[in-house]
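Chains as they are written, first to last, in the working numbering: chain V, 1327 to 1614; chain P, 1327 to 1614. Just so it is clear, CB atoms sit at the ideal spot from N, CA and C, and this is done for glycine as well. Accompanying notes for the structure given below.
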C-alpha cells in the first residue's frame, strides 16, 4: 500500500533515538506519524508518476511536505494560537509534551523538511539540481508569502467582516500554498518541463481554494458525527466565510468553478490523470 | 563597511510589504534587523574569502544563518521557553507583536533562511549545486540533531546536576552547531574541497565550545555594566555549568584548550587567517 510506504518513509527520516534530545524526537514523531490521509504526499507522488518519475523519486519531497504540514498543526494548536487540546481525536502535541517541547518539535519538523528535501537520499534519487529546485519551491510556499503569511492574515481578520478577495488571499496562503508545493515538487522530482509545473500549480491552487470553501459549507450543512468535528464553529466565532458572505448556493458555485479550473489545468498532461480528476471532483462534493 | 552590507542584504531578503500579512513581515524585520555584531555572518564571509570566494558569493548564506539565529532568539524568548521580556536592550518580539505573531515571525524567519540559501540570487552567485549543499548543511546543523536538539537538552537538564559530557552535548547543539553551519557554508559557497570544509567545521566547533564556557565564566566573574546583562544568573537558577562543575581555573583551561584546537584547525588553509585567529583568541579572553 502506498500509504504504508509513505508512513515508513516518514518514520525513516525521523527515526527514534536514545540521544539526550530524545524528547523532541519523540514529540516530532508523535505528530508526524499519525496515519493521516497524507493528501499532500499522495499528490506529490501522483504528479511525479504523471510526469514520468517513480514513487522513489517523489518520496523525499512527499515526506518533506507532510513534515511542513505536521509542524503547522503543532504550532497552530498552541495556546497562543488556536489553543486546541485535541487533534484528530488525540491530545494535541503540547498537551502531551508541554508547550516548550511542542514549540521545538514544530521547529524541528520545519527544519527537517528541508533536511529531507536536501538529503543524500533526495540527491541520490533525483540529483542535486532537482532537489534544490523543489526545496526552493517548498520554502517559498511555506513561508512569509505563503503559508506563514496565510496564518498571519487569519489572525488579522479574526472577528472582522472582510471581502471575498481577502478571504481568497487567506485561503491561498493557509491552505492552497502547501498543496501547490506538493504538486509542483512532484513534477520537479520527475524532471518535468516548466509548462507542466505551472499546470500542477494551477490544479493545486484551484483544489486548495475549493477545499477550503467546501470546508466553510460543511461547517453549516455538515453532520458532526460524519465530519468527526463540531459544526457551526464559524458562526459561533463570528468568523467571516464565503458562506456568510455569499450564502450557501453561491459558495458551492464557487467550489464548482474552482474544480472546473482544476480539471482544465490537467489537460496539458499526456499521462493518465484519472486519480487527480476524481480527487478534485470528490473534494467538491465531500461530506466529510 | 561589511556590517552595513550585511544589514542591507538582510533587509533586501525580507523587504517591507503592504500585503495583508504585513504584521508578520514587520515582526520578522524587527528581530532580524537589529544591527547586532553579526558574528555568524562575518564568519561565513571570512571563510568564503579565505577559500577564494567573494563577499557576494557568501552573502546569501551569511544572511541565511543570521535568519536562523534571529528565529531561535524569538522562539527562545517566548513565555513557554525562557520568558524574556527584553533582548539586546529592546522589548522582545512577543512583547511588541504578541505571542502569536512572534511564533509566526520565528517560523517565517526559519523558512526564509532556506528560501534565501536556495534563492535565485544564491543560485546565480554560486550555482545550484553549492547552494543545495550549503542549505543541506544548514538544515542539519539547525535541526533536531543540531540546534533544536541542543535546546531540548537545555530543557532536559534544567535544575539538574549533569556531567561535563552532557554539558558539551548541550553547548555543541545550542551554540556550536550554528557557528559550524556559518563557517562550513562560507567554504562551500567558495567551492572549497572537503578537507577545508572539515577544517572550518573543527574551528567552528572549538570556538563555539570556548565561547559558551567563557560565557559561564563571565556569569561569575564578569562586570554587569560591561556585559550589558545581569551576572550570577546561573547560580541563582541553580544551573549546572562548567564553572560549577570544574571551578573557574579548570573552566578557563578548557577555554584555552578549545582555542588552541581552533587555531590548529586553521593551519590547513593557505590564505590569510589573521582575522579568524584573532577572533578565536579574543573570544577566549573576552570580558563582555
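**Study point:** Contact set for residue 1331 (chain P): own chain, Cβ-Cβ below 8 Å, skip 5 residues either direction
**Key:** What you label residue 1331 (chain P) is simply residue 5 of the second chain in a count that begins at 1. So the list reads 1381, 1385, once near-sequence residues are dropped.
Point to revise | Cutoff 6 Å; reference residue 1580 (chain V); Cβ partners in own chain excluding five residues on either side | key: Here residue 1580 (chain V) corresponds to residue number 254 of the first chain, with the count starting at 1. Closer than 6 Å at Cβ, skipping near neighbours: 1539.
Exercise for review: Grab me the residues of residue 1428 (chain V)'s own chain with a C-beta within less than 6 Å of its C-beta, minus the 5 sequence neighbours each way, in chain order.
Suggested key: The residue you call residue 1428 (chain V) lines up with position 102 of the first chain. Contacts found: 1400, 1419, 1420.
Practice item. Measure from the alpha carbon of residue 1567 (chain V) to the alpha carbon of each residue in V:1582, V:1541, V:1447, then state which is nearest. Key: As a first step, residue 1567 (chain V) must be located in the first chain, where it is residue number 241. If you compare the alpha carbons of V:1582, V:1541, V:1447 with that of residue 1567 (chain V), the shortest gap goes to V:1541.
Check your understanding: Quick one: which chain V residues come within Cβ less than 7 Å of residue 1350 (chain P)?
Key -> For the purposes of this step, residue 1350 (chain P) is taken as the residue at position 24 of the second chain. Result: 1470, 1474, 1475, 1478.
**Study point:** the stretch 1555-1567 of chain P touching the stretch 1523-1531 of chain P, judged by at least three CB pairs closer than 8 Å
**Key:** Taking one beta carbon from each stretch, the stretch 1555-1567 of chain P and the stretch 1523-1531 of chain P have fewer than 3 pairs nearer than 8 Å; the two do not touch.
Check your understanding: Among residues of its own chain, excluding the 5 on either side of residue 1601 (chain P), which ones have a beta-carbon nearer than 7 Å to its beta-carbon?
Key -> What you label residue 1601 (chain P) is simply residue 275 of the second chain in a count that begins at 1. Excluding sequence neighbours, residue 1601 (chain P) sits near 1372.
Check your understanding: At a cut of 8 Å, does the stretch 1487-1501 of chain V reach the stretch 1359-1370 of chain V through at least three beta carbon pairs?
Key -> Too few Cβ pairs lie closer than 8 Å, so no.
Review point. Along chain V, which residues have their Cβ under 7 Å away from the Cβ of residue 1434 (chain P)?
Key: By 1-based counting over the second chain, the position of residue 1434 (chain P) is 108. In chain order: 1469, 1470, 1474.
Point to revise | Complete runs of the beta strand (DSSP E) confined to the stretch 1339-1382 of chain P [at least 3 residues] | key: As summarised for the stretch 1339-1382 of chain P, there are no continuous beta strand (DSSP E) elements at least 3 residues long confined to that stretch.
Check your understanding: What residues of chain P sit near residue 1556 (chain V), judged by a beta carbon separation below 8 Å?
Key -> Your numbering for residue 1556 (chain V) matches position 230 in the first chain. Per Cβ cutoff of 8 Å: no residues; residue 1556 (chain V) is ~22 Å from chain P at best.
Check your understanding: Should residue 1456 (chain P) be labelled buried (16 or more other beta-carbon atoms within 10 Å of its own) or exposed?
Key -> The sequence position of residue 1456 (chain P) within the second chain is 130, counting from 1. When all chains shown are included, residue 1456 (chain P) counts as buried.
Review point. When the distance is taken between beta carbons, is residue 1370 (chain P) closer than 7 Å to residue 1391 (chain P)?
Key: What you label residue 1391 (chain P) is simply residue 65 of the second chain in a count that begins at 1. What you label residue 1370 (chain P) is simply residue 44 of the second chain in a count that begins at 1. Yes, these two residues count as a Cβ contact at 7 Å.
Exercise for review: Give the residues of chain V in contact with residue 1381 (chain P), contact being defined as C-beta atoms less than 7 Å apart.
Suggested key: Taking the second chain and counting its residues from 1, one reaches residue 1381 (chain P) at position 55. The CB of residue 1381 (chain P) never comes closer than 7 Å to any CB in chain V; the least such distance is about 22 Å.
Exercise for review: Use the C-beta contact count for residue 1596 (chain P): other C-beta atoms within 10 angstroms, 16 or more gives buried, fewer gives exposed.
Suggested key: Mapped onto the second chain, residue 1596 (chain P) falls at position 270. Flag for residue 1596 (chain P) reads exposed.
Check your understanding: Quick one: what's residue 1412 (chain V) bridged to in DSSP?
Key -> Residue 1412 (chain V) sits at position 86 when you count from the first residue of the first chain. Looking at the DSSP output, residue 1412 (chain V) shares a beta bridge with V:1417.
Review point. Which residues in the same chain as residue 1612 (chain P) place their Cβ atom closer than 8 Å to its Cβ, once the five residues preceding and following it in sequence are excluded?
Key: Locating residue 1612 (chain P) in the second chain gives position 286, counting from the first residue. Closer than 8 Å at the Cβ level, and outside the excluded window around residue 1612 (chain P), lie 1540, 1544.
Review point. Within the chosen definition, does the stretch 1469-1485 of chain V reach the stretch 1475-1484 of chain P through at least 3 CB pairs nearer than 8 Å?
Key: As far as the Cβ criterion goes, the stretch 1469-1485 of chain V does not touch the stretch 1475-1484 of chain P, which means the pair count is below three.
Check your understanding: Is DSSP giving residue 1513 (chain V) helix, strand or coil here?
Key -> Locating residue 1513 (chain V) in the first chain gives position 187, where the first residue counts as 1. The three-state secondary structure of residue 1513 (chain V), taken from DSSP, is helix.
Check your understanding: Buried or exposed: which applies to residue 1450 (chain V), given that a residue is buried once 16 or more other Cβ atoms fall within 10 Å of its Cβ?
Key -> As a first step, residue 1450 (chain V) is located in the first chain; it is residue number 124 there, counting from the start. Exposed: under 16 other Cβ atoms inside 10 Å.
Point to revise | Three-state secondary structure assigned by DSSP to residue 1581 (chain P) | key: Position 255 of the second chain, counted from the start, is the residue given in the question as residue 1581 (chain P). The answer is helix: DSSP assigns residue 1581 (chain P) an H, G or I state.
Exercise for review: Could you spell out where the alpha helix (DSSP H) holding residue 1539 (chain V) opens and where it closes?
Suggested key: Indexing the first chain from 1 puts residue 1539 (chain V) at position 213. Residue 1539 (chain V): member of the alpha helix (DSSP H) spanning 1520-1547, first to last residue.
Practice item. Decide if residue 1433 (chain P) is buried, meaning its Cβ has at least 16 other Cβ atoms within 10 Å, or exposed. Key: Counting from 1 along the second chain, the entry for residue 1433 (chain P) is found at position 107. The residue is buried, with at least 16 neighbouring Cβ atoms inside 10 Å.
Exercise for review: Out of P:1582, P:1464, P:1377, state which residue places its alpha-carbon closest to the alpha-carbon of residue 1499 (chain P).
Suggested key: On the second chain, position 173 is the one that residue 1499 (chain P) refers to. Nearest in C-alpha terms to residue 1499 (chain P), of all of P:1582, P:1464, P:1377, is P:1464.
Practice item. Within its chain, find whatever has a CB closer than 7 Å to the CB of residue 1445 (chain P); leave out the 5 residues flanking it on each side and keep chain order. Key: What you label residue 1445 (chain P) is simply residue 119 of the second chain in a count that begins at 1. Excluding sequence neighbours, residue 1445 (chain P) sits near 1386.
Point to revise | Beta-carbon proximity of residue 1442 (chain P) to residue 1389 (chain P), cut-off 7 Å | key: Position 116 of the second chain, counting from 1, holds the residue named residue 1442 (chain P). Position 63 of the second chain, counting from 1, holds the residue named residue 1389 (chain P). The answer is yes: Cβ separation under 7 Å.
Check your understanding: Leaving out five residues before and five after residue 1565 (chain V) in sequence, what residues of the same chain have Cβ atoms less than 8 Å from its Cβ?
Key -> Within the first chain, residue 1565 (chain V) is the residue found at index 239, counting from 1. Contacts found: 1484, 1485, 1559.
**Study point:** Span of the alpha helix (DSSP H) around residue 1571 (chain V)
**Key:** As a position in the first chain, residue 1571 (chain V) is number 245, starting the count at 1. Its alpha helix (DSSP H) spans residues 1568-1572.
Exercise for review: Could you tell me which chain C residues have their CB closer than 7 Å to the CB of residue 1438 (chain P), listed as they occur along the chain?
Suggested key: This model lacks chain C altogether; the protein chains it does include are V and P.
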